[in-house]
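Q: Residue numbers (this note's numbering), protein chains in the order written: chain D, 31 to 358; chain S, 4 to 265. Where is the CB? At the ideal position from N, CA and C, for every residue including glycine. Since the model is a prediction, treat every value here as computed from it, not as a measurement.
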Amino acid sequence: MIHTPVHALSFLISVSLFGAPGLSALEISAAAGSAWSSDSGPALEAGAAIGDEFFGRVFSARYAGEGSAAWYFGDATPGMTTTASDGFYGDALASAEFSALTGPLSNLVKVYGKLESPYPASSVGAVVDSVPIYSAGASLAFVLNTFDFSVSLEPRLSWQSGNSGGKELGLNSGGSFLAGEFLVKPGADLAWMEWDDGSESLSLRPGLGFSWYPGFPFSVSADSGLTRTWLPDGTTSDELPFRASFYAALGTSILVKAAVELGIALPDAEVVSAFGSTEVSFTLGRFGRVGEGDGESTWSGELRLPCHFTLDLDDGWSAGVGLEVAFD
Amino acid sequence: MIGIRSKLANHASTFLACLFVISLFDFLFLTNLVQAQAQPPATGTAKRTIAVWFGGTEEEKKYGSIKNEVELLALNLGFSGLGEGLLVDRLVEGSQKRIPAEKLLVALKDETRRLQSIARILSERGLFPVGEADGLAAEASLLLRAGLGESEFATALDATAELVDLKTPLPKVQRVLTALSTALAIHARFPLEVGDRQKLITALVLSRIPRERFGSLVSLFARGKASGMSQSRMCALVIEYASSGATMERIERELERRIRTP
């Protein structure tokens with residue numbers, strides 16, 4: 031927790047909205063690094079994020095904002111249909127959540143907005159389709175928690191601009207219960223989508239997921255389900271998506287995250303999308319100041335060296351390394 | 004397309020296999036606290052007396068010089084309500100490690116002082132489980148040797164006054180010890196501020212989470228940290244939701260919600 035003007039402002043907002051908060055957790059991070067991808071060549075990347083969360087007696091609030099930018103030096107830049115000798119790409123995301131906890135039932139309202147804006151470099155290259163993409167959404171969750179299981183119902187509404195833009199109205203229902211060291215999560219998702227070109231679709235996805243928390247710093251999660259999509263002309267398509275992720279802390283300074291996503295079209299069992307990513311982050315140092323008593327300034331930080339590698343069926347591979355500093 | 008697919012499968016399988024081996028090594032050799040919690044000190048020698056142990060052949064020769072002082076330590080331990088088997092366990096451990104007699108005696112004196120403090124702290128709170136205290140004292144001593152402060156132990160025990168569902172001292176102290184070892188295991192990987200650690204321990208003790216599930220929080224912290232959350236934020240999250248009666252499912256759900264971006 032940081033005691034700075036930013037934190038003080040956050041604290042005031044929280045107090046004015048929700049009364050005296052019980053706990054708050056502010057995080058600020060900044061990162062810079064280099065990356066190389068088979069699709070767009072070498073690039074320099076930079077980003078920053080801020081997030082804060084307040085826990086009150088009944089209400090809690092969380093907000094987050096982040097932005098990133100990349101300079102590509104290769105022959106192509108993502109999101110652009112013609113070749114540019116180099117280019118700038120940036121995005122920004124803002125989100126806010128408000129939740130109320132009343133006994134075993136909790137309600138959650140979440141709103142978010144996102145801006146992805148590819149821009150050409152000021153004087154180099156002719157670029158078209160560099161229109162920013164906006165997206166926004168809101169959801170309302172009703173969660174019932176009992177000692178043995180948890181169930182939720184979450185309607186959502188989202189919108190996205192751009193060539194593949196449209197509106198989505200969805201309803202997600204799910205549950206979770208413990209089975210030994212496994213957390214089993216059955217669920218179903220219903221979504222109606224209307225794209226800006228006038229086409230529509232309705233999809234239903236019953237699925238099953240699990241997470242394994244074995245009691246040492248290692249965790250695995252996976253989920254799958256059958257997605258059936260109905261189009262207005264009466265045709266249907268079936269897809270079997272599969273996701274798995276793996277997390278581990280090795281020793282005191284190495285964090286590992288790996289994920290695999292597959293999309294398998296049925297009935298031919300053809301792999302239509304595949305994505306794999308790994309990130310290994312080395313903690314280079316920890317620093318901070320611990321106050322002597324309650325209310326005294328306390329903050330801590332970490333300097334990390336994240337390295338990532340991704341493989342995508344459509345976009346090829348990319349790899350990167352950078353430095354990240356985070357305060358909390 | 005097929006080439007990329009094949010590469011993806013090869014790289015992913017090789018990487019996951021390497022990570023699995025490294026994680027297994029890490030688990031087996033580096034996660035001492037979790038192992039200690041899962042496997043409390045050997046109790047096979049708990050009923051052996053010091054006289055019997057020193058009456059053995061090899062031990063008598065190597066450690067006979069400290070026999071009288073060890074018997075005196077055992078007498079002091081008995082005044083605290085603890086059995087001499089606790090010292091026999093340490094004697095066995097020391098002799099197996101071929102520790103010289105003088106050094107072993109120093110270690111036994113330290114252990115006796117620790118065990119007496121533990122017994123005093125438990126007795127002062129009416130939590131001394133008569134007849135069942137040796138195992139708990141050994142476990143608590145292990146935690147103190149791993150870096151737990153006596154004041155942290157005492158504060159965590161104070162929280163048990165609110166555990167009205169547990170009628171006898173044994174399950175209360177067991178819950179506290181599991182919460183302490185979980186917090187220490189998390190702290191060993193993801194350093195926590197002293198105040199946060201204490202709040203986490205108290206929140207776990209008073210939570211609705213069964214103590215057998217506490218260990219899963221170590222995995223949960225690893226997941227949150229690998230996904231970019233700070234340990235202080237993870238800690239605040241667990242404290243808040245555990246204190247408000249949340250189960251492990253609820254805490255996991257809240258974590259997932261924070262990791263996922265829109």
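Tell me residue 259(D)'s beta-bridge partners as DSSP assigns them.
A: DSSP lists 233(D), 267(D) as partners of residue 259(D).
Q: Does the beta carbon of residue 356(D) come closer than 8 Å to any beta carbon on chain S?
A: yes
Q: Check the Cβ-Cβ distances between residue 218(S) and every residue of chain D, and say whether any is below 8 Å.
A: yes
Q: Please confirm whether residue 245(D) has its beta-carbon closer than 8 Å to some beta-carbon of chain S.
A: Yes, residue 245(D) lies at the interface with chain S (some Cβ there is under 8 Å from its Cβ).
Q: For residue 214(S) versus residue 177(S), is the C-beta distance shorter than 8 Å?
A: yes
Q: Could you check the C-alpha separation between residue 53(S) and residue 171(S) for me, to the nearest Å?
A: Taking the straight line joining both Cα atoms gives about 31 Å.
Q: Use the C-beta contact count for residue 234(S): other C-beta atoms within 10 angstroms, 16 or more gives buried, fewer gives exposed.
A: buried
Q: Determine whether the beta carbon atoms of residue 67(D) and residue 329(D) lie at a separation below 8 Å.
A: No; because the gap between Cβ atoms is not below 8 Å, this pair is not in contact.
Q: Going along chain S in order, which residues have a C-beta closer than 8 Å to the C-beta of residue 85(D)?
A: 239, 243
Q: Using the beta-carbon of each residue, which ones in chain S are nearer than 9 Å to residue 203(D)?
A: Neighbours of residue 203(D) in chain S, taken as residues whose beta carbon is under 9 Å from its own, are absent, since the nearest beta carbon is some 14 Å off.
Q: Name, please, each residue of chain S whose Cβ falls closer than 7 Å to the Cβ of residue 57(D).
A: Those within 7 Å of residue 57(D) in chain S are 233, 236.
Q: Whole angstroms are fine: how far does the CA of residue 266(D) sit from the CA of residue 197(D)?
A: 20 Å
Q: Tell me where the beta strand (DSSP E) around residue 185(S) begins and ends.
A: No beta strand (DSSP E) contains residue 185(S), which is instead part of the alpha helix (DSSP H) from 172-192.
Q: Quick check for students: name the residue ranges of the beta strand (DSSP E) that lie wholly in the region 46-105 of chain D, counting only runs of 3 or more.
A: Assignment of beta strand (DSSP E) within the region 46-105 of chain D, counting only whole runs of 3 or more residues, yields 53-67, 71-85, 89-102 in chain order.
Q: Could you check the C-alpha separation between residue 200(D) and residue 276(D) for me, to the nearest Å?
A: 28 Å
Q: Let me see if you follow: with CB-CB separation under 8 Å, is residue 196(S) close to chain A or not?
A: Included in the structure are the protein chains D and S, with no chain A among them.
Q: Name the chain D residues that come within less than 8 Å of residue 230(S), Cβ to Cβ?
A: 277, 287
Q: Is it the case that the Cβ atoms of residue 137(S) and residue 94(S) are separated by a distance below 8 Å?
A: no
Q: Which of the three DSSP states is assigned to residue 95(S) in this structure?
A: For residue 95(S), the three-state secondary structure derived from DSSP is helix.
Q: With a threshold of 16 other CB atoms inside 10 Å of the CB of residue 308(D), please say whether the residue is buried or exposed.
A: buried
Q: How is residue 303(D) classed by DSSP in three states: helix, strand or coil?
A: Three-state DSSP puts residue 303(D) in a strand.
Q: Using a C-beta cutoff of 8 Å, does residue 353(D) count as contacting chain S?
A: No - not a single Cβ of chain S is within 8 Å of the one on residue 353(D).
Q: Who are the Cβ neighbours of residue 140(D) in its own chain at under 6 Å, not counting the five residues just before and after it?
A: Hits under 6 Å: 127, 169.
Q: What in chain S is Cβ-close to residue 213(D), meaning under 8 Å?
A: Near residue 213(D) (Cβ distances below 8 Å), the residues of chain S are 251, 252, 255.
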